[in-house]
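Data block below; observations after.
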Amino acid sequence: MIKDKLFDRFPMDAVYALHNGPRLPVGQFAIRSGPMMAADDTWVVTFRGTGGHGAVPHLAADVTVLLAEFILSLQTIVSRNIAPTDAAVIKFRVGGTARSFTKDVRDTIERRMKELAHGLATSFGGTAEVIFNREGIPVVNDVRFTERAIRAAESLVRAKNVYGNMPQIMAAEDFAEMLERKPGALMFIGNGNQSGELHSPTYNFNDDALIFGVGFWVSLVQQELHHDLRVSAL
Numbered sequence: 270m271i272k273d274k275l276f277d278r279f280p281m282d283a284v285y286a287l288h289n290g291p292r293l294p295v296g297q298f299a300i301r302s303g304p305m306m307a308a309d310d311t312w313v314v315t316f317r318g319t320g321g322h323g324a325v326p327h328l329a330a331d332v333t334v335l336l337a338e339f340i341l342s343l344q345t346i347v348s349r350n351i352a353p354t355d356a357a358v359i360k361f362r363v364g365g366t367a368r369s370f371t372k373d374v375r376d377t378i379e380r381r382m383k384e385l386a387h388g389l390a391t392s393f394g395g396t397a398e399v400i401f402n403r404e405g406i407p408v409v410n411d412v413r414f415t416e417r418a419i420r421a422a423e424s425l426v427r428a429k430n431v432y433g434n435m436p437q438i439m440a441a442e443d444f445a446e447m448l449e450r451k452p453g454a455l456m457f458i459g460n461g462n463q464s465g466e467l468h469s470p471t472y473n474f475n476d477d478a479l480i481f482g483v484g485f486w487v488s489l490v491q492q493e494l495h496h497d498l499r500v501s502a503l
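Using the numbering used here, you'd call the opening residue of the sequence shown number 270 and step up by one each time.
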């Protein structure tokens, strides 16, 4: 949509989104200003060594031990290179993902991963190739439009059912690309569904949430139109 020049074809001042939240009861909303959902990156590290015989292991560059050392060393990126007040998660298989909320943390993860891979490979007599792909960017809600989303939700349900400072989550969301270009906010709407997590084959959408979703958009539009009328009258 962005590549198709959405914002050029349809000029707009702000963008909003509702995201399904199966862990929230129906009739509840959750949001936070600033970074709310993480950037996600993918990485693949290939180690190359030399083969050998079990009787003379000292003549080989054992990539099995090298890989084990690398996996253990990855844990130090978060524990020793990322400030305790920041958040980051790394998981691994043949490759893996890295998730973070700020550019500085993202840069640190990539830099340290490459340093560890190449440094360990050299110490074991092997080589390393690191591919680090920056995929999605973090969802960052504008504080002004977060407040507007909260007001719209609170006009629909009781204030106690609107969580304005929800915890950050490490999941990623494509709507971040729109928020990078236009101010706005993404809010979670409760689906109260115990059938399974999002993207799970067992997940079954709870239709009871629809009335709250529609109500939110109606309330938000009314609020924004009223705001525009007040501004134009000044």
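The beta-carbon is built from N, C-alpha and C at its ideal position, and this holds for glycine as well. These numbers come from a predicted model, not from an experiment.
Boundaries of the beta strand (DSSP E) around Gly303: Gly303 to Met306.
Taking the CA atoms as reference points, Asn430 sits about 11 Å from Ser424.
Looking at the DSSP output, Leu287 sits in a beta bridge with Met456.
Ala299 carries a strand assignment under DSSP once its states are collapsed to helix, strand and coil.
Across the set Phe485, Thr311 and Thr377, the C-alpha of Phe485 shows the shortest separation from the C-alpha of Arg417.
With a contact defined as Cβ atoms closer than 8 Å, Val332 and Gly388 miss out at about 15 Å.
Under the three-state reduction of DSSP, Asn402 is assigned to strand.
Beta-bridge partners of Trp486 (DSSP): none assigned. Distance from the Cα of Pro436 is smallest, within the candidate group His288, Leu287 and Ala299, for Ala299.
Within the segment 328-384, the beta strand (DSSP E) runs of at least 3 residues that lie entirely inside it are, in chain order, 357-361 and 364-369.
Excluding five sequence positions before and after Lys451, the CB atoms of its chain that fall closer than 7 Å to its own CB belong to Phe276, Met281, Ala283 and Val284, given in chain order.
In the pairwise beta carbon analysis, the segment 470-479 is classified as not touching the segment 336-348: fewer than three pairs are separated by under 8 Å. Under the DSSP assignment, Val409 falls in the beta strand (DSSP E) whose first and last residues are Val408 to Asn410.
Phe279 carries a coil assignment under DSSP once its states are collapsed to helix, strand and coil.
For Glu493, the closest alpha carbon among the candidates Thr377, Thr354 and Ala421 is that of Ala421. Here Pro291 is not near Glu442, since their CB atoms are 9 Å or more apart.
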